[in-house]
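Novice: Using the numbering used here, you'd call the opening residue of the sequence shown number 1205 and step up by one each time. Glycine residues also receive a C-beta, built at the ideal position from the N, C-alpha and C atoms. This structure is a prediction, so every number in the text was calculated from the model and none was measured. Quick one: this structure, given as structure tokens, is what I'll be asking you about.
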Amino acid sequence: MRIHDLGPVEVEIDGRRTQLGARPQAVLAVLLSHANERVSVAALAEAVWADSGRMGSQSTLESHVWRVRQVLEPDRPHRQASRVLLTESGGYRLAVDVDQADSLEFLDLAGQSRDLVDADPRRSLRCCEEALALWRGDPFGASADALWAAAAVSRLVEIREQVQIRRVQALLACGEVDRAVVDSGTLIRDLPLNEDVWAQRMTALYRAGRPDEALQAFRTARDLMLEELGLDPGPTLQNLHARILAQDEDLHHPQSAQPTAQPASSPTAAPHPVRPATNLPRRLPPLIGRGAELASLTALIADHGLVTVVGAAGCGKTRLAIEVARHGGETFPDGVFIVDLGSVERSGLVAELVASVIGLAPAPAGSVEEQLRQHLADQQILLVLDNCEHLVPMLYDLIMEVLDDDSDTHVLATSREPLAVPGEITWPLNPLITPADGDRAGSTALELFLARVREANPTLALDDVSLDLAAEICNDVDGLPLALELAAARVRTASLSEIADQVRTDPGGLRRVGGRGDHRRTLRQVIEWSHRLLEPEERLVHRRLSVLRGAFTRDCAATVAGFAPLSPGQVPDLLESLVNRSLLLALRAEEPGEESTFRQLATVRAHAALALREADESIATIDSRHDWLRGMLARRPGDGRADEHGWYRELDVDFATVRASLESTLVDDPGPLGCFVLSRVSNFWYHRGRMIEGLKWLQLAVPAPVGSDPTDAAMTELNLAAAEGMRGRFDSSRPLFDHALAELREVPPDRLTDVVELLASAALVGALHRNFQMVAVLGRRLQEMAADGDPAFRLMADAVTCFAEIESTPPQISVERATELYHRGLADGVLLTCWICCIMLAALSVRTSGPEEGLIWNHRMIEVQIRLGARPESMPIEGRALLIMATGQLREGVALFAASEAQSRRAGLGWPAMPATEGQLAMARERLGEEAYRAAWEAGLSLTIEEALDLER
């Protein structure tokens, strides 16, 4: 019996060949691809009916197996067990020797040819020719294109290419130059980018006395590689080219077909380092922005058996792994091999693909896994297993076999989730560093993008506008290397402005242009590869998170994504799972008391948003986001009291989600939610240093969108008036202020607390800017509202009234009243009262107890601000500067004024806030002299807020 499977599958018995029908032929092909191994019934059924879209019955499968047995053993007596196609528990096994199947004999002859090529090239040549003679067409005939056959067919095709190359090598070693010239020319048509084949052709032509043609072959190879790969030939071809030009005599000798070495007897010969065998890509563009990771991983892989680089789609795992393997290759003298598992769908094919890549010919019996284990036991090999994420559960046994206690083989894996194998070292790979706040220095993302832009269009001029657009592109794709490279490639046909527009609106649509075929040509398709591996609940959370922009907390995600069919309690574990699968970034808290957050990359969010629309869940999920925001606002601390639970900090952390709701209700589809939100975050903008952004939203909400609640609308307008006042623009603030106060004549009882606190906060703006007229108006209104209200209202009203009367009241009386109110406010927890009183007492101290006392009140004011949930900011620095100047410390005062001005500019606040500042600066300039004044000012610009406010004491 002989099975011919390197072409149409036929069975030969006593010289007579029989070709099976389609289904039995598929059965035999599957069994042949796993010769002498058990193949499960499920695997056979999947292969037999893969093209029909339905699964046949087990009895139908058994009938096909029976037909195969009839052909393999036509003379087997009835009821006698088969000795070739054996039935085993849960499956079948084809028991065949090497000489009973073309594919097995081909692999055996290929292995012999490899082992003999140096010691006995004549026998190696014979083995090559016998092996190639067995090849009649695509392996496994009609099943060659089946998904299950992909790895086995690829392995056989790759080994055939190796045999073809080895045959020419043997011809050269045997001195058969004319045949080598002819056959290398034929081989180049099949393998036009293989440098080994070009080296053989150049050598053959040179030895045949045709050096001009040998040199022309080099030029042809170089032009082809530049056109197809954008790269010059590697060192091997270039060195051979140089030797031909120099008419190196050694090239005429057969052994020169292989890399030459100095004779061992030569006393001056320096030993050449033996490079390990490898299939790593020979030339790739320089690795940018990964220097630290490269050094760390190279050290790790030398010391640990399994290191897995884990990261999101497109973050550069494969590129980094190749460079690590290249740098660490000398540690593994028996070879460095990369195995791309991206196209492998079944676990049983992984071992075969690994064996194929490292050139291991299978034995007639025993599993491929066992052969691998035995082969690798005494080998120092580095295996790079690339794209493992879809095979994680299936790789466990193989890796445990490869990395047993006796093995010196190490594995470097890339995956979008850890492999969960004992002893695994997981290296999380994040995107590159993006330009921060317009600072382009130090951005590895920008460095990579500009390098690829220059490669794609060397003539493109990059001015400051171009660099700003480039920085914007880097930020919009979160520094993801694949996205940066795809975006940069577009400069051949699009401007940077057009590219920026695309990545802003649809980063997932970036696609490969040209190059070799790739079924995942767009970023969205790359991410879909990860998405299809998710469980249904994970997919649900993945798409619902798309409405949360930027960083968000667990609680926020649980509330927004946790609606039917999920519950909020399920979401935290699903977040961890998405992080594990690299579809979500976890941002660990760095300070005690802070909460860790999560974030979808822009490209991932674009994919999730599309999935949300396709699932028709967009409206429901956005409504859920709005519900979270309403619940968040309901927990805001009121009555001017301390932010004991960190509400302002929590809102700050989740503010990207708040921003998304504001955009949807003030820009996309204006509605009442905008004023609802803005009327309840009155102090947030100032407390958290977001005045510039707050002003933008408030301007969009005034006049209020149709349908807005009148109280919400009036409070939003008063907020805008206060924001304009903080900028020192009371001319534009006053009309808004008057109109809003008129609209707030009738306040619903459930909003009274909010309105009182807003009026007191607006009075605080007037107090900081010494606008006593505005403070007096607010004080009278507060007194009216506090007449029959909460005691906290009375405290705030009295504090505002005290400040309004400060100019017409003897200083000492004002000090006594303010001090009493301060202590009452402190005792009752009404800290907004304390804040107003601290401003008064710091200002009054210069005329009463002295500026040193004022500095104490300045410091107490900062403490009160922090307890209210505010960050330290510029106005206390300006107040402190005035007090320092009053003590005679002019240089220190000038420095503090400079620090205050710098911080105000960053926060979008008007400066100076206090009328006395300009006069004090003029006096200091006159007394210090211009040079000393400028030096003090420059020194102040470098002060942090903490240094300027002496918060370290």
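Between A1624 and D1538, what straight-line distance do the alpha-carbon atoms span, to the nearest angstrom?
Specialist: 27 Å
Novice: Any idea what DSSP makes of H1208, helix, strand or coil?
Specialist: strand
Novice: May I ask you to verify whether the segment 1915–1932 touches the segment 1941–1949, counting CB pairs closer than 8 Å and requiring at least 3?
Specialist: yes
Novice: Would you check if the distance between the CB atom of S1307 and the CB atom of L1360 is smaller than 8 Å?
Specialist: yes
Novice: Do R1949 and P2119 come within 8 Å of each other at the CB atom, strictly closer than that value?
Specialist: no
Novice: Out of curiosity, what's the CA-to-CA distance linking E1309 and H1268?
Specialist: Looking at the two C-alpha atoms, the distance is approximately 26 Å.
Novice: Assuming L1498 contacts L1491 under a Cβ cut-off of 8 Å, what Cβ separation, rounded to an integer in Å, is found between them?
Specialist: 7 Å
Novice: Along the chain, which unbroken stretches of the beta strand (DSSP E) at least 3 residues long are found entirely within the segment 2025–2083?
Specialist: none
Novice: Can you tell me where the beta strand (DSSP E) with T1222 in it begins and where it stops?
Specialist: R1220 to Q1223
Novice: What's the gap between the Cα of E1198 and the Cα of I2043?
Specialist: An answer regarding residue 1198 cannot be provided, because it is not within the stretch 1205 to 2157 covered by the chain.
Novice: Just how far apart, CA to CA, sit P1477 and Q1583?
Specialist: With a pLDDT of only 41 at P1477, under 50, the local geometry of the prediction cannot be trusted, and no value is derived from it.
Novice: Does the segment 1890–1901 touch the segment 2065–2074, meaning 3 or more C-beta pairs lie closer than 8 Å?
Specialist: yes
Novice: Quick one, are the C-beta atoms of V1213 and V1231 less than 8 Å apart?
Specialist: no
Novice: Let me know the secondary structure DSSP gives W1253 once reduced to three states.
Specialist: Correct three-state label for W1253: coil.
Novice: Let me know if E1742 comes out buried or exposed under the rule of 16 or more other beta-carbons within 10 Å of its beta-carbon.
Specialist: E1742 is buried by the Cβ-count criterion.
Novice: Label R1656 either buried or exposed according to how many other C-beta atoms from any shown protein chain fall within 10 Å of its C-beta, with 16 as the threshold for buried.
Specialist: buried
Novice: By how many angstroms is the C-alpha of E1961 removed from the C-alpha of Y1852?
Specialist: 15 Å
Novice: Using only the alpha-carbon positions, how far apart do A1815 and L1778 sit?
Specialist: In a straight line, the C-alpha of A1815 is about 17 Å away from that of L1778.
Novice: Suppose you measure from the CA of A1474 to the CA of G1341; what does that come to, to the nearest Å?
Specialist: In this prediction, A1474 has a pLDDT of 37, which is less than 50 and means its spatial position is unreliable; what the coordinates show is noted afterwards. Whole-angstrom Cα-Cα distance: 48 Å.
Novice: Between which residues of its own chain and L1899 is the CB-CB distance below 6 Å, once the five residues before and five after are set aside?
Specialist: A1927
Novice: Opposite E1214 in the DSSP bridges: which residues?
Specialist: H1208 and Q1223
Novice: Specify whether the segment 1393–1404 and the segment 1426–1445 touch according to this definition: at least 3 beta carbon pairs, one from each stretch, less than 8 Å apart.
Specialist: yes
Novice: From the DSSP output, in three-state form, read off V1615 for me.
Specialist: strand
Novice: What do you get for M2127, buried or exposed, if any count of 16 or more other CB atoms within 10 angstroms of its CB means buried?
Specialist: exposed
Novice: Classify F1536 as helix, strand or coil using the three-state DSSP reduction.
Specialist: coil
Novice: CB-CB under 6 Å to S1912, same chain, minus the five flanking residues each way: which ones, in chain order?
Specialist: Once the five neighbours on either side are set aside, the close Cβ partners of S1912 are P1876 and C1879.
Novice: Specify the secondary structure class of E1950 as computed by DSSP and reduced to three states.
Specialist: coil
Novice: Residue range of the alpha helix (DSSP H) that I1896 falls in?
Specialist: M1895 to A1905
Novice: Would you mind reading off the limits of the beta strand (DSSP E) that contains I1629?
Specialist: I1629 to L1633
Novice: Just the Cα atoms here: how many angstroms apart are A1819 and L1744?
Specialist: 9 Å
Novice: Just list the residues that DSSP pairs Y1296 with in beta bridges.
Specialist: Y1296 is bridged by DSSP to V1243 and T1291.
Novice: Would you kindly work out how many angstroms separate the C-alpha atoms of Q2093 and A1660, rounded to a whole number?
Specialist: 59 Å
Novice: Which residues in the same chain as R2158 place their Cβ atom closer than 6 Å to its Cβ, once the five residues preceding and following it in sequence are excluded?
Specialist: The question about residue 2158 has no answer, for the chain in this structure spans 1205 to 2157.
Novice: For Q1466, does the three-state DSSP call read helix, strand or coil?
Specialist: The predicted model places Q1466 with a pLDDT of 32, which falls under 50 and marks its position as unreliable; any figure quoted below should be read in that light. Q1466: coil per DSSP, three-state reduction.
Novice: Thinking just about the alpha-carbon of each residue, which of Y1410, A1412, R1411 and D1387 is nearest to the one in V1401?
Specialist: Checked all of Y1410, A1412, R1411 and D1387; the closest Cα to V1401 is D1387.
Novice: I need the boundaries of the alpha helix (DSSP H) containing V1514, first residue and last residue.
Specialist: Judged by DSSP secondary structure, V1514 falls outside any alpha helix (DSSP H) and instead within the beta strand (DSSP E) spanning L1510 to G1515.
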